[in-house]
Amino acid sequence: MICYEKMLKSHVPQIAQLEKQCFSDPWSEKSIASELENSLSLWLVALQGDLVVGYVGSQSVLGEADMMNIAVDQAYRRQGIGKNLVLQLVEKLKEQGVHSLSLEVRQSNAPAISLYEEMGFQQVGLRPCYYRNPKENAMIFRKEWTV
Ligand SMILES: CC(C)(COP(=O)(O)OP(=O)(O)OC[C@H]1O[C@@H](n2cnc3c(N)ncnc32)[C@H](O)[C@@H]1OP(=O)(O)O)[C@@H](O)C(=O)NCCC(=O)NCCS
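If you're matching positions, the sequence shown starts at 655 in the numbering used here and goes up one per residue.
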């Protein structure tokens with residue numbers, strides 16, 4: 655069974671490993687750990703026992719949240735974990751009085767774009783050449799709700 659919890663210090667090394675597996679420009683262990691000290695940040699993990707199989711990270715300012723990253727271990731994909739991470743994040747953000755969640759995604763990232771569209775996010779913009787390694791446009795998605 656997969657459990658969804660707030661990120662703890664003990665999860666950070668495994669998250670950093672997944673970052674390296676999933677992204678060409680990964681967050682370092684140090685920058686992930688510093689999120690634990692940031693009162694604006696909310697990170698959740700998907701756990702199978704002690705194993706981190708997915709995570710999502712966000713920061714909120716004045717009722718608006720940004721999703722900074724989300725990833726699911728390759729061996730655990732297409733089982734609803736990514737979707738549940740976003741659902742859990744939205745529930746927790748609502749409890750904090752947050753009313754919107756925005757994110758950037760590479761234009762070629764079809765799996766992630768499908769996930770966001772299925773969850774009711776709408777494209778609200780495009781940032782040309784936002785990403786490096788390789789250079790690529792970012793699509794900006796946003797979802798709003800009433801609190
Ligand atoms: C994007 C990602 C987090 C999705 O995680 P996941 O746990 O596999 O997603 P889910 O199983 O919850 O998928 C939910 C829905 O999203 C869509 N989706 C997910 N992966 C898909 C794929 N490879 N192709 C098409 N649609 C996909 C489907 O609609 C899916 O529903 P379905 O399985 O009932 O068809 C995962 O692919 C990942 O970690 N990718 C690498 C990191 C990354 O690109 N992160 C996004 C940065 S913006």
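Where is the CB? At the ideal position from N, CA and C, for every residue including glycine.
Residue pairing by DSSP places N723 opposite G711 in a beta bridge. In terms of Cβ geometry, L743 and V707 do not form a close pair [threshold 7 Å]. Contact holds between the segment 721-733 and the segment 667-681, because three or more Cβ pairs, one in each stretch, are under 8 Å apart. A contact between stretches requires three or more CB pairs, one per stretch, nearer than 8 Å, and the segment 761-774 fails this requirement with the segment 682-700. The beta carbons of G779 and V752 sit no closer together than 7 Å. For N763, the Cβ falls inside the 6 Å cut-off from some heavy atom of ligand 1. Residues of the same chain with a CB within less than 7 Å of the CB of Y785, apart from the 5 flanking positions on each side, are R760 and A792 in chain order.
For Q777, same chain residues with a beta-carbon under 6 Å away, outside a window of 5 residues either side, are M793 and F795 in chain order. Spanning the alpha carbons of S693 and Q750 requires a straight line of approximately 12 Å.
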